[in-house]
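Below you'll find the structure, written out as structure tokens, and then a few comments.
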Amino acid sequence: MYLIEIIEIPFMQRALIGSILLAVILGFFGVFMVPRKLSFMADGIAHASLFGIAVGLLVGGMPLLWAIGLSLILGTLLAKISDNESIPMDAVIGICLVGGMSGALITMTFIPGYKPELFSYLFGSILSIEWNDIYILSALTAVTLILFKVQWRTLVITTIHNDLSKVLGLKANAAKYFLFIGTSIALIGGVKLLGVILISALLVIPYSSASLIGKSLRSCVILTQIIAVAGTITGIFISYIFDFPTGPAIGLLLVAIYLLAFTYSKIRSQPIWKSNHTPLD
């Protein structure tokens, strides 16, 4: 009965709906970003976006719009730079992270008075989710799922063997830009809920856990979605009941799930991208 009463609270309804949509989006992106060894990109984009948020708060505009604009630029640049093998991607992402955080901290010194919303962007808050955020996430989820449906075969093949995609005449560049830019926007979409510091957990940990116990790519994708959705929903309830910050509550729960999956994998499974299963299963 207590859980039903919690669900009836308006801001909890928004938080739960938003978390499910966000988990679905980032779960799909994680399936392809983690095997490409681009997990660090999530931290770089998220932390750099704090600069856009700080600018938005300073000028009095919508902070997330500034953050989305910055993420679009960074996502496009990172996708372009990834074509140049002489430039280490992890170094570029690290530079984006440092530059964004430094710019944000300096910009914050110009913001007068106490700004409690800054802390919600850093650590996440279930109180900050509004219906407008839900509408945006709903549209983003619909567009993302359609694009994944269209690009699925190309994404799978380019993730496993990029050179093979060129031989088959697939549009590898289009798929890559979709991943980079889409991931960047999706990360910013979840900043209000999980916070800049821990938003990458929802991109990285669900797939990392699922890949340890999934027996095919299809089962791995399904497990990723289950872990992402279950982890965020449970984390939100824990956050509300014990008055914990939302981001850390969800992040710690996802880490616990990963440890359980890792332990289980020692007995029965192996990472899906290194298995002998057909990648298009």
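Count along the sequence shown from 1, then add 529; that gives the number in the numbering used here.
C-beta atoms are modelled at their ideal positions from N, C-alpha and C, and glycine is treated no differently.
Endpoints, the alpha helix (DSSP H) within which residue i is located
i      : result
His576 : 568-588
Arg565 : It is not in any alpha helix (DSSP H) - Arg565 carries neither H nor E in the DSSP assignment.
Ile663 : 660-689
Phe639 : Careful: Phe639 lies outside any alpha helix (DSSP H) and carries neither H nor E.
Gly711 : 701-718
For residue i, three-class secondary structure by DSSP
i      : result
Phe773 : coil
Pro735 : helix
Val560 : helix
Glu537 : coil
Lys609 : helix
Ser745 : coil
Gly724 : coil
Glu646 : helix
Met618 : helix
Ser654 : coil
Met591 : coil
Leu532 : helix
Leu809 : Confidence is the limiting factor: at Leu809 the pLDDT is only 49, short of 50, which leaves the residue's position unreliable, though a coordinate-based value still follows. Correct three-state label for Leu809: coil.
Residue closest to residue i, alpha-carbon to alpha-carbon, out of the options
i      : options                        : result
Ala544 : Ala571, Leu666, Ile574         : Leu666
Leu716 : Pro539, Met541, Ile574, Gly547 : Ile574
Ser729 : Thr670, Ser768, Leu567         : Leu567
Ile710 : Gly604, Gly743, Leu722         : Gly604
Ser657 : Val553, Thr638, Gln542         : Gln542
Val725 : Glu646, Ile538, Leu607, Ile635 : Glu646
Val627 : Ser578, Phe648, Ile767         : Ser578
Gly780 : Thr670, Ser611, Ser768         : Ser768
His690 : Ile536, Arg565, Phe540         : Arg565
Phe648 : Pro774, Ala778, Ala790         : Pro774
His811 : Tyr531, Pro617, Leu634, Asp612 : Missing from the structure shown is residue 811; the chain here goes from 530 to 810 and no further.
Sub-7 Å separation of residue i and residue j beta-carbons
i      : j      : result
Ile663 : Gly547 : yes
Asp619 : Phe569 : yes
Val553 : Tyr736 : no
Ser738 : Ile756 : yes
Ile714 : Ser615 : no
Tyr787 : Ile742 : no
Leu732 : Ala571 : yes
Gly632 : Phe580 : yes
- Query: If we count Cβ pairs, one from each stretch, closer than 8 Å, do we get three or more for the segment 703-715 versus the segment 582-593?
  - Reply: no
- Task: Would you be able to state if there are at least three C-beta pairs under 8 Å between the segment 666-683 and the segment 545-558?
- Result: yes
- Message: Across the segment 739-751 and the segment 760-774, are there enough close Cβ pairs to call them in contact, namely three or more that are closer than 8 Å?
- Response: no
- Tell me, please, whether the segment 611-627 touches the segment 718-726 by the rule of three or more beta-carbon pairs shorter than 8 Å. no
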